[in-house]
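Visitor: One structure, as structure tokens, below. Some questions next.
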Ligand SMILES: Cc1cc2nc3c(=O)[nH]c(=O)nc-3n(C[C@H](O)[C@H](O)[C@H](O)COP(=O)(O)OP(=O)(O)OC[C@H]3O[C@@H](n4cnc5c(N)ncnc54)[C@H](O)[C@@H]3O)c2cc1C
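In the working numbering, the protein residues as written are 407 to 831.
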């Protein structure tokens, strides 16, 4: 790998498990697969510190850590993500409002630079490179290995309160009321509902389930990780399967079948529901889908989300999955995504120009309300819009220019959003 980088081959980019939704791990010059670097280097079960190569996956860590009472400090909605990918996107989970993002638990990493040298980075050493790499989408170099601080958990279950809200206003009220009380929160939103029911939702609020409560309910091994058989979507569904009527019917069914209740849910089912269906993306047919994740500042997120949902509902382009989360203090990475507010992730079946147009319209709402899209989910945003969403872009570019003056590390995304200079390719 070092030789390839030193050869000055422009247009290289690291690739983990390819779970980013856009073109951040795709490059004309070639990709460097990180899944080959997948060894654990150390795990201290006393302190919960793990050191591993960047290709180790979150699933690998969970299998080692949970039996010892440790878990990931924050986790995205899939465990099929590498440590390198988690750092590069500064991923977040359902506990951002309380615990922040991945970068805050990252103690150090080693980074292969464009000139072939390897440096150590931490919040104390090469601090600027550290925070440019956290959330930097692979553009500062190749993360080789890293040390992460895990968090202690009493069990492998979440004590979940499921609550239904009749519209977006009620959902926001519930989030505000419960942010302090619950470590995890997420709402599934029916983005086709309209009028009085606009944004009706099912909220899943949760805390780590105490071991004694689990034992009392008959679960005698609280740290036991229940193994489930996964299903697989065998082929791409016909394009018409994901039409507005089908999504509307599904949304109605989901909303009405999820009433208020309290329950213990194992980590796999709570954090990673999609992981149990391999190739779930095939339900969108051969044209696939685009994911669009919108973030708005807390002071205007209610109004902004209402505007966004009205626009989507009117466009007739339904999102099958729409997930609302609360976010807390801003991430420290220079290009990291989240700040204090609310974020909504949407999946649109791809309909060519029609979908492109809708996303451009949504971008305008984001800009009007001081919001932004998430690089790990983005496939469409242009350079002008991106620069208005990320005010620290020039700071990032200066560090990138110092570390990688020839732009050896670049992706199709970095060219599209103007982080790297397309004319110099
Ligand atoms: C079902 C699903 C749910 C998701 N839910 C969430 C969520 O809740 N929160 C969230 O934050 N994200 C979420 N994501 C997005 C996902 O967590 C990120 O896109 C993550 O970066 C993917 O990691 P990966 O290993 O697949 O990396 P890839 O997708 O292969 O690459 C992502 C970026 O990381 C860079 N990279 C990878 N390895 C290295 C390395 N060793 N050194 C330097 N750069 C590297 C790549 O160059 C690229 O820019 C979700 C994705 C899916 C599919």
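Glycine is no exception: its CB is placed at the ideal position from the N, C-alpha and C atoms.
No experiment lies behind these values; they were computed from the predicted model shown.
Run the Cβ filter for me: residues under 5 Å from any heavy atom of ligand 1, listed in the order they occur in the chain.
Guide: 419, 420, 421, 422, 423, 424, 425, 426, 430, 431, 440, 460, 482, 483, 484, 487, 488, 490, 491, 494, 495, 497, 498, 543, 544, 548, 549, 680, 782
Visitor: Please report the distance separating the alpha-carbon of residue 738 from that of residue 541.
Guide: The straight-line gap from Cα to Cα measures roughly 9 Å.
Visitor: Based on Cα-Cα distance, which residue from 604, 559, 552 lies nearest to residue 447?
Guide: 552
Visitor: What are the start and end residues of the alpha helix (DSSP H) that includes residue 771?
Guide: 759-774
Visitor: When we look at the beta-carbon of residue 816 and count the other beta-carbons within 10 Å, is it buried (16 or more) or exposed?
Guide: buried
Visitor: Is the Cβ-Cβ distance between residue 497 and residue 482 less than 8 Å?
Guide: yes
Visitor: With a CB to CB cut of under 6 Å and the five nearest residues on each side skipped, what residues in its chain are close to residue 791?
Guide: 769
Visitor: Could you tell me the boundaries of the alpha helix (DSSP H) in which residue 491 lies?
Guide: 489-495
Visitor: Report yes if the C-beta distance between residue 745 and residue 703 is below 8 Å; otherwise report no.
Guide: yes
Visitor: Considering only DSSP beta bridges, list what residue 477 is partnered with.
Guide: DSSP, once it has assigned bridges, lists 557 as partnering residue 477.
Visitor: Suppose the cutoff is 7 Å on Cβ atoms and the five residues either side in sequence are ignored; what does the same chain contact list for residue 578 look like?
Guide: 708
Visitor: Could you pull out every residue in the same chain whose Cβ sits closer than 8 Å to the Cβ of residue 407, ignoring the five residues on either side in sequence?
Guide: 438, 518, 548
Visitor: Skipping 5 residues on each side, what residues in its chain have a beta carbon closer than 6 Å to that of residue 614?
Guide: 559, 560
Visitor: So, does the region 772-780 touch the region 805-822, judging by three or more C-beta pairs under 8 Å?
Guide: no
Visitor: Look at residue 463 and residue 442 and say whether their C-beta atoms are less than 8 Å apart.
Guide: Against a cut-off of 8 Å, the Cβ pair of residue 442 and residue 463 comes out as no contact.
Visitor: Exposed or buried, what is residue 657 when buried is set at 16 or more other beta-carbons lying within 10 Å of its beta-carbon?
Guide: buried
Visitor: What is the residue span of the beta strand (DSSP E) that residue 567 lies within?
Guide: 563-571
Visitor: Determine the DSSP secondary structure at residue 527, reduced to helix, strand or coil.
Guide: strand
Visitor: Would residue 696 pass as a contact of residue 761 if the rule is Cβ separation under 8 Å?
Guide: The answer is yes: Cβ separation under 8 Å.
Visitor: If you draw a straight line from the C-alpha of residue 772 to the C-alpha of residue 713, how long is it?
Guide: Residue 713 has its alpha-carbon roughly 10 Å from the corresponding atom of residue 772.
Visitor: So, does the region 604-620 touch the region 563-580, judging by three or more C-beta pairs under 8 Å?
Guide: yes
Visitor: Mind pulling the alpha helix (DSSP H) runs of 4 or more residues that sit fully within the region 607-673?
Guide: 617-622, 650-663
Visitor: Going by the beta-carbon positions, is the gap between residue 603 and residue 573 smaller than 8 Å?
Guide: yes
Visitor: Does DSSP put residue 551 in a helix, a strand or coil?
Guide: Three-state result, residue 551: strand.
Visitor: To the nearest angstrom, how far is the alpha carbon of residue 677 from that of residue 610?
Guide: Rounded to whole angstroms, residue 677 to residue 610 spans 11 Å at the Cα level.
Visitor: Taking only the alpha-carbon atoms, compute the straight-line gap between residue 711 and residue 628 and give it to the nearest angstrom.
Guide: 38 Å
Visitor: Would you mind working out which of 520, 684, 468 sits nearest residue 557, comparing C-alpha positions?
Guide: 468
Visitor: Helix, strand or coil for residue 796, going by three-state DSSP, please let me know.
Guide: If DSSP states are grouped into helix, strand and coil, residue 796 belongs with coil.
Visitor: Taking all protein chains shown into account, decide if residue 431 is buried (16 or more other Cβ within 10 angstroms of its Cβ) or exposed.
Guide: Burial call: buried.
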